[in-house]
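Novice: Numbering (the working numbering), first residue to last: 475 to 842.
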Amino acid sequence: MRARKSSRFRRRPIMNTIAFFWPIAGIECARFDGQRGERTMPVMLGQSSALMAVRAQLQRYAGCDVQVLIEGETGTGKELAAREIHYASRRRDRPFVPVNCGAIPDGLVENELFGHERGAYTDARCAQIGLVDRARGGTLFLDEVDALSSKAQVILLRFLEDNEYRPVGGGATRLADVRIIAATNSPLEQQVTAGLFRRDLHYRLNALAVRLPPLRERSGDVLLLAEHFLGIAAERVDGPVKRWSGVALQALVAHAWPGNVRELEHVVLRAYMRADDVVIGLADLAAAESAFAAIDGALAPSPGHDEAGFSVAKSHAIRVFEHSYLLQLMHRAGGNVSIAARLSGTERRQLGKLLKKHGIETKQFRCQ
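Following this line, the structure appears as structure tokens:
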């Protein structure tokens with residue numbers, strides 16, 4: 475008798491938009507082509523200009539078979555970005571092998587990467603292939619590459635110089651066929667300047683580079699992701715479909731999300747589990763995450779606001795977010811619209827229209 479598939483694997487459209495999926499609980503999700511019934515590459519969920527620019531960059535990098543360095547705050551989706559490069563490249567039919575560099579003991583780096591021959595050391599009763607061989611023809615993703623020790627950095631550098639390696643206890647060298655994509659939570663250049671990371675290894679890994687924007691720079695994506703994760707939460711626990719109240723949406727948009735998409739995913743799940751009603755309010759959010767308990771009356775809805783439905787609540791939340799974001803952005807840019815456009819990944823003309831829409835004068839920031 476065939477086992478019933480878990481409900482978390484059911485594909486469903488999100489808010490009548492393109493069916494983009496995010497990996498939940500370590501499961502690799504993908505975009506599904508309903509017309510051809512085919513599974514295609516995983517993609518990053520979002521419609522902001524900042525994310526679309528990054529995705530376009532990932533698509534270009536997929537066609538150039540060299541090392542890629544992905545930088546971004548925790549929870550921004552660095553592994554998913556690496557997978558998007560892999561599945562859009564000619565290596566898509568070969569393995570994608572992720573490894574957390576911080577979890578590899580310093581004395582086992584060579585063994586983990588290159589494997590060992592039988593008798594290489596005590597208890598090595600049989601040969602074992604390493605990660606480089608497991609990813610042969612595909613992609614080896616080195617997450618938290620900045621966690622490698624000085625010794626491990628030398629080992630990796632030597633491998634990247636000529637793509638050759640020797641299993642522990644082995645004689646002849648072997649030629650690798652693998653693409654290396656590395657990721658780090660903090661700018662690697664800062665680690666180099668601080669003397670914590672080898673500059674020559676940085677050059678090797680940094681053939682192509684991409685920075686993933688934090689969630690606070692992805693205008694409008696919080697609402698899309700919050701709706702998506704709410705639907706996922708209902709499926710995971712096989713529970714009723716729930717929705718956000720207008721004030722809850724405003725609070726979600728106003729939050730800074732230091733943990734980015736991963737933090738949002740967990741907050742949504744906790745809020746869903748705590749809410750007794752089908753409408754998740756600010757009190758449910760505050761119970762799920764203490765930061766929301768500090769939300770003041772500025773987010774209070776006008777009479778009949780919640781009853782007006784999702785569209786009105788969404789529009790109001792977006793206005794609140796845009797105004798708050800623009801104020802913070804112009805403060806960072808010192809009132810310079812060109813600098814602000816670069817920081818936000820927005821066209822200068824479009825940013826100017828937004829500033830005019832919200833009545834924000836740039837000169838007030840120039841003397842701060």
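Beta carbons: idealized from backbone N, C-alpha and C, even for Gly.
1) When the Cα of VAL528 is compared with those of LEU630, PRO687, ASN734, which residue comes out closest?
2) Just to confirm before moving on: does the CB-CB distance between GLY611 and ASN585 stay below 8 Å?
3) Mind pulling the alpha helix (DSSP H) runs of 4 or more residues that sit fully within the stretch 644 to 688?
4) When DSSP labels each residue in this structure, what does LEU616 get in the three-state scheme?
5) Considering only their Cβ atoms, is the gap separating GLN627 from LEU675 smaller than 8 Å?
6) Quick check on the burial criterion: 16 or more other C-beta atoms within 10 angstroms. Buried or exposed for ALA725?
7) Would you call ARG822 buried or exposed, if buried means 16 or more other Cβ atoms sit within 10 Å of its Cβ?
8) Relative to the C-alpha of GLY733, which residue among ARG640, GLY551, GLY713 is closest?
9) Roughly how many angstroms separate the alpha carbons of ASP617 and GLU553, rounded to a whole number?
10) Buried or exposed: which applies to LEU582, given that a residue is buried once 16 or more other Cβ atoms fall within 10 Å of its Cβ?
11) Between the beta-carbon of GLY520 and the beta-carbon of LEU800, is there less than 8 Å?
12) With 16 as the cutoff for other CB atoms within 10 Å, does SER818 come out buried or exposed?
13) ALA708 to SER623, Cα distance in whole Å?
14) Please report the distance separating the alpha-carbon of MET526 from that of VAL741.
15) If the criterion is Cβ atoms closer than 8 Å, does the pair VAL684 and ALA656 meet it?
16) Under a three-way DSSP split, which group does ILE834 fall into?
17) For the structure I just gave you, are there three or more beta carbon pairs, one from the stretch 736 to 751 and one from the stretch 689 to 706, closer than 8 Å?
18) With DSSP as the reference, label GLU547 as helix, strand or coil.
19) Ignoring anything shorter than 4 residues, give me the alpha helix (DSSP H) runs that lie fully in the stretch 696 to 733, in order along the chain.
20) Identify which residue in ARG793, TRP731, ASP750 has its Cα closest to the Cα of SER764.
21) Considering only the alpha carbon of each residue, which of ASP695, LYS830, ARG653 lies closest to ALA524?
22) Given this structure, state the Cα-to-Cα distance separating HIS453 from ALA815, to the nearest angstrom.
23) Would you identify the three-state DSSP class for ILE792, choosing helix, strand or coil?
24) Please report the straight-line C-alpha distance between ALA646 and LEU587, rounded to a whole angstrom.
25) Return the Cβ separation of ALA562 and ALA530 in integer angstroms, given the expectation that the two are a contact with Cβ distance under 8 Å.
26) Just the C-alpha distance for ARG793 and ALA761, rounded to the nearest angstrom, thanks.
Specialist: By the coordinates alone:
1) PRO687
2) no
3) 662 to 667, 673 to 679
4) Reduced to three states, the DSSP call for LEU616 is strand.
5) yes
6) buried
7) exposed
8) GLY551
9) 8 Å
10) exposed
11) no
12) buried
13) 43 Å
14) 25 Å
15) Not in contact: VAL684 and ALA656 (Cβ atoms no closer than 8 Å).
16) coil
17) yes
18) coil
19) 720 to 728
20) TRP731
21) ASP695
22) With the chain covering only 475 through 842, there is no way to say anything about residue 453.
23) helix
24) 16 Å
25) The C-beta distance from ALA562 to ALA530 rounds to 11 Å, too long to meet the 8 Å contact threshold.
26) 25 Å
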